[in-house]
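Per our numbering, the sequence shown starts with residue 528, numbered consecutively.
Here the structure comes first, spelled out in structure tokens, and everything after it is commentary.
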Amino acid sequence: MNNDEGDGSSRNTLRIVLCFNVFVTAGEFFGAKEFNSSMLWQNFVVGLLDSTLIFINVLGWKQEARGGEKASRIGRRIASGSDVMLGLAFVALGLNGLAHLLSGSWGPVSNGKTFVLASAVAAVDGICAWLCPTELVNGASARLKLLVGTTVGLATIVTSGLAHLFQCNWLDPLATSIVALGVVMAVTRALIRRRRA
Numbered sequence: 528m529n530n531d532e533g534d535g536s537s538r539n540t541l542r543i544v545l546c547f548n549v550f551v552t553a554g555e556f557f558g559a560k561e562f563n564s565s566m567l568w569q570n571f572v573v574g575l576l577d578s579t580l581i582f583i584n585v586l587g588w589k590q591e592a593r594g595g596e597k598a599s600r601i602g603r604r605i606a607s608g609s610d611v612m613l614g615l616a617f618v619a620l621g622l623n624g625l626a627h628l629l630s631g632s633w634g635p636v637s638n639g640k641t642f643v644l645a646s647a648v649a650a651v652d653g654i655c656a657w658l659c660p661t662e663l664v665n666g667a668s669a670r671l672k673l674l675v676g677t678t679v680g681l682a683t684i685v686t687s688g689l690a691h692l693f694q695c696n697w698l699d700p701l702a703t704s705i706v707a708l709g710v711v712m713a714v715t716r717a718l719i720r721r722r723r724a
């Protein structure tokens, strides 16, 4: 396949998805700063990571779309590399959450505004994941990042609601560790499937 054939619309969609991801990540930054929520700070870090890795996927898509075995191999390596970076980042986030849980040091988690912002972010990431083109490996890789963002947003909604109702802020680092484990497992499965394909 040639860059000028077939893939132009899909690559543009991937770029639009990236723009939306950057937009909601900026919202998470300002929300975290305004509401002083540790969960929103965590969401911002995840959003920043996702935006960076999806940008890498856009570059990988361009490489894949050139056609030919060598270009396809390089594109697949770019996708796998970005997935590995996602997995390693969540290993670090999970260990950080576990350390905070065991040490008993956790900050303020939520208020009603946190809940609203997390809901908006989860919705936008979910829609973007649904729109994300997956005919090439880098598109599927970008969708994985968006699904991770959606999952983190949903976990924030549930955890912030429970923490607000029952005044148990320790749910924040616990949820961080559980979600991180789930993400690492999902990334590992995706890498194994891609290697076997």
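By construction, the Cβ of each residue, glycine as well, lies at the ideal position given by its N, Cα and C atoms.
No experiment lies behind these values; they were computed from the predicted model shown.
Give a yes or no on whether the minimum CB-CB distance between residue 695 and chain D is below 8 Å.
Although the question refers to chain D, the structure presented lacks it and comprises just one protein chain.
Taking only the alpha-carbon atoms, compute the straight-line gap between residue 700 and residue 719 and give it to the nearest angstrom.
As a working note, residue 700 is residue 173 in the sequence shown. As a working note, residue 719 is residue 192 in the sequence shown. About 29 Å.
So residue 724 is in the alpha helix (DSSP H); what residue range does that whole segment cover?
Residue 724 sits at position 197 when you count from the first residue of the sequence shown. Per DSSP, residue 724 is not a residue of any alpha helix (DSSP H), being assigned neither H nor E.
Continuous alpha helix (DSSP H) assignments of at least 4 residues falling wholly in the stretch 632–683:
639–658
Euclidean distance between Cα positions of residue 556 and residue 571:
Taking the sequence shown and counting its residues from 1, one reaches residue 556 at position 29. Taking the sequence shown and counting its residues from 1, one reaches residue 571 at position 44. Cα-Cα distance, rounded: 6 Å.
Between residue 584 and residue 671, what straight-line distance do the alpha-carbon atoms span, to the nearest angstrom?
Walking along the sequence shown from the start, residue 584 turns up at place 57. Walking along the sequence shown from the start, residue 671 turns up at place 144. Here the C-alpha atom of residue 584 lies approximately 11 Å from the C-alpha atom of residue 671.
First and last residue of the alpha helix (DSSP H) that includes residue 600?
Translated into the one-based positions of the sequence shown, residue 600 becomes position 73. Per DSSP, residue 600 belongs to the alpha helix (DSSP H) from 596–630.
I want to know whether the stretch 622–630 touches the stretch 678–686 - three or more CB-CB distances under 8 Å.
no
Beta-carbon proximity list for residue 540, same chain, < 8 Å, skipping 5 on both sides
Residue 540 sits at position 13 when you count from the first residue of the sequence shown. Here the set comprises 658, 659 and 660.
Nearest-angstrom beta carbon gap, residue 682 and residue 706 [assumed within contact, 8 Å]:
As a first step, residue 706 is located in the sequence shown; it is residue number 179 there, counting from the start. As a first step, residue 682 is located in the sequence shown; it is residue number 155 there, counting from the start. About 5 Å; that satisfies the 8 Å criterion.
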